[in-house]
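Numbering (the working numbering), first residue to last: 10 to 345. Step one of this worksheet: look at the structure below.
As structure tokens, then:
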């Protein structure tokens with residue numbers, strides 16, 4: 010059981026116990042600090058104390074970190090492909106098929122279960138609620154690539170504010186059906202949950218629709234074949250973070266992701282290049298570290314199934330755009 014000992018300094022004198030405890034490294038948040046005090050896991054000078062206790066210089070705080078885990082949340086030994094980790098956050102590459110957090114029909118076997126095994130429940134932020142420790146943003150179950158995980162509420166707050174302020178640059182590679190003529194484009198179309206099929210999201214102007222903005226840059230185009238009308242490889246950038254946003258927006262402009270089982274053309278199986286999931290990969294993530302401010306920039310190569318689908322089109326390439334020439338040579342064709 011992790012134990013924290015802290016001697017109150019002159020600058021900390023006059024602080025309430027719960028407020029100061031939340032500032033001590035190893036205590037994830039104030040809500041956790043309050044629960045620890047209420048559970049009797051915190052003492053001041055060897056005696057139990059209330060959360061409203063006003064501290065004085067020299068007081069000795071001892072805290073045993075015991076954070077109650079919600080029923081049903083269990084640690085599971087699921088492999089994590091971690092690309093960066095420190096005391097505040099994790100950047101990982103999520104594999105296909107992994108759901109981000111428990112939900113109906115996916116009570117176990119999720120990224121959250123894997124994170125609990127890796128960090129411990131108490132070592133993850135809970136800004137998204139006790140049932141979603143560590144989660145800052147999500148990727149669809151079969152969308153792969155880079156994701157942010159927050160270990161502390163402080164880091165999580167800054168990361169979420171960064172996403173809202175568009176200060177975190179999240180870019181995706183998508184291979185879509187059809188030939189897209191413009192080299193760049195903007196899709197500004199509100200998204201709502203579908204009425205007839207609750208699993209599908211739709212572009213809508215109705216009540217409940219939320220503003221959604223995606224930009225795209227064409228990287229490479231591919232000629233039409235016997236069973237398809239050609240393909241376009243593009244980089245998409247999110248300015249909002251709605252459920253299925255890129256997939257819905259690309260379907261809206263009649264260029265759905267190759268292999269997409271929900272939004273793609275189901276009557277053209279040979280046009281899917283052997284894929285059974287959407288060709289959508291979070292390949293680039295750039296941000297300033299939420300606490301130190303140091304720049305972080307990561308690239309993630311395509312996983313094998315997407316790389317193979319793209320390689321199968323090599324002889325049909327109509328040439329890369331200037332943007333494609335600038336970024337694609339730096340992206341390995343096959344994952345290693």
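Note that the Cβ used here is the ideal one computed from N, Cα and C, for glycine as well.
**Asked** Taking buried to mean at least 16 other C-beta atoms within 10 Å of its own C-beta, is residue 210 buried or exposed?
**Response** What you label residue 210 is simply residue 201 of the chain shown in a count that begins at 1. Buried, because 16 or more other Cβ atoms sit within 10 Å of the Cβ of residue 210.
**Message:** Report the start-end ranges of each beta strand (DSSP E) in the stretch 159-193 that is 3 residues or longer and not cut off at the edges.
**Reply:** 178-186
**Request:** Under 8 Å by Cβ, that's how I've got residue 329 and residue 228 pegged, so tell me the actual separation to the nearest angstrom.
**Result:** Sequence index remark: in the chain shown, residue 329 carries index 320 (1-based). Sequence index remark: in the chain shown, residue 228 carries index 219 (1-based). So it is a contact: roughly 6 Å between Cβ atoms.
**Message:** If you follow the beta strand (DSSP E) that residue 24 is in, where does it begin and where does it stop?
**Reply:** Here residue 24 refers to the residue found at position 15 when the chain shown is read from its first residue. Element bounds for residue 24: n/a, residue is neither H nor E.
**Asked** Looking only at its own chain, which residues have a Cβ that is under 8 Å from the Cβ of residue 345, when we skip the five neighbours before and after it?
**Response** Sequence index remark: in the chain shown, residue 345 carries index 336 (1-based). Only weak support exists for where residue 345 lies, its pLDDT of 38 falling under 50; the value from the coordinates is given anyway. Cβ neighbours of residue 345 beyond the five flanking positions: 310.
**Request:** Would you identify the three-state DSSP class for residue 73, choosing helix, strand or coil?
**Result:** Residue mapping note: residue 73 aligns to position 64 of the chain shown, counting from 1. Residue 73 falls in the strand class under three-state DSSP.
**Item:** residue 18 to residue 58 span [Cα, whole Å]
**Value:** Locating residue 18 in the chain shown gives position 9, where the first residue counts as 1. Locating residue 58 in the chain shown gives position 49, where the first residue counts as 1. Taking the straight line from one Cα to the other gives about 18 Å.
**Prompt:** Whose CA, out of 306, 118, 298 and 255, lies closest to the CA of residue 272?
**Reply:** Against the chain shown, residue 272 aligns to sequence position 263. Residue 272 has its Cα closest to that of 255, out of 306, 118, 298 and 255.
**Request:** Tell me, to the nearest whole angstrom, how far the beta carbon of residue 181 is from that of residue 258; I am working on the premise that it is less than 8 Å.
**Result:** On the chain shown, residue 181 is found 172 positions in, with the first residue counted as 1. On the chain shown, residue 258 is found 249 positions in, with the first residue counted as 1. Wrong, their Cβ atoms sit about 11 Å apart, outside the cutoff.
**residue 236, buried or exposed, once every other Cβ within 10 Å from all chains shown has been counted against 16** = By one-based count along the chain shown, residue 236 stands at place 227. Counting Cβ neighbours within 10 Å, residue 236 comes out exposed, since fewer than 16 surround it.
**Message:** Suppose you measure from the CA of residue 319 to the CA of residue 184; what does that come to, to the nearest Å?
**Reply:** Within the chain shown, numbered from 1, the residue matching residue 319 stands at position 310. Within the chain shown, numbered from 1, the residue matching residue 184 stands at position 175. The straight-line gap from Cα to Cα measures roughly 8 Å.
**residue 154 - partner residues in DSSP beta bridges** = The sequence position of residue 154 within the chain shown is 145, counting from 1. Paired residue(s): 103 and 291.
**Message:** Mapping the DSSP letters down to three states, classify residue 195 as helix, strand or coil.
**Reply:** Working through the chain shown from its first residue, we reach residue 195 at position 186. Here residue 195 sits in strand by DSSP.
**Contact set for residue 139: own chain, Cβ-Cβ below 7 Å, skip 5 residues either direction** = Within the chain shown, residue 139 is the residue found at index 130, counting from 1. These residues qualify, in order along the chain: 79.
**Message:** Using 8 Å as the threshold, is the C-beta distance between residue 37 and residue 176 below it?
**Reply:** Reading the chain shown from its first residue, position 28 is the one you call residue 37. Reading the chain shown from its first residue, position 167 is the one you call residue 176. Not a contact, by the Cβ cut-off of 8 Å.
**Asked** What's the C-alpha gap between residue 54 and residue 42?
**Response** Sequence index remark: in the chain shown, residue 54 carries index 45 (1-based). Sequence index remark: in the chain shown, residue 42 carries index 33 (1-based). If you take the alpha carbons of residue 54 and residue 42, they lie about 17 Å apart.
**Asked** Are the stretch 161-177 and the stretch 194-204 in contact at 8 Å, needing three or more beta carbon pairs?
**Response** no
**Asked** According to DSSP, which residues form a beta bridge with residue 303?
**Response** On the chain shown, residue 303 is found 294 positions in, with the first residue counted as 1. Note: residue 303 sits in no beta bridge, so no partner.
**Own chain, CB closer than 6 Å to residue 30, minus 5 neighbours either side, in chain order** = In the chain shown, counting from the first residue as 1, residue 30 sits at position 21. Excluding positions up to five away in sequence, the list reads 36 and 42.
**Item:** Range of the contiguous alpha helix (DSSP H) that encloses residue 319
**Value:** Your numbering for residue 319 matches position 310 in the chain shown. Unbroken alpha helix (DSSP H) run through residue 319: 313-320.
**Request:** Would you give the residue range spanned by the alpha helix (DSSP H) that residue 331 belongs to?
**Result:** Residue numbering aside, residue 331 sits at position 322 when the chain shown is read from its first letter. Its alpha helix (DSSP H) spans residues 331-336.
**Asked** Hey, how far is the Cα of residue 63 from the Cα of residue 131?
**Response** Residue 63 sits at position 54 when you count from the first residue of the chain shown. Residue 131 sits at position 122 when you count from the first residue of the chain shown. So the two alpha carbons sit approximately 25 Å from each other.
**Request:** Please report the residue range of the alpha helix (DSSP H) in which residue 43 lies.
**Result:** Here residue 43 refers to the residue found at position 34 when the chain shown is read from its first residue. Counting along the chain, the alpha helix (DSSP H) containing residue 43 begins and ends at 39-47.
**Message:** Spatial neighbours of residue 234 within its chain, please: C-beta separation below 7 Å, excluding the five flanking residues on both sides.
**Reply:** Mapped onto the chain shown, residue 234 falls at position 225. For residue 234, where only same-chain residues beyond five positions count, the Cβ hits under 7 Å are 325.
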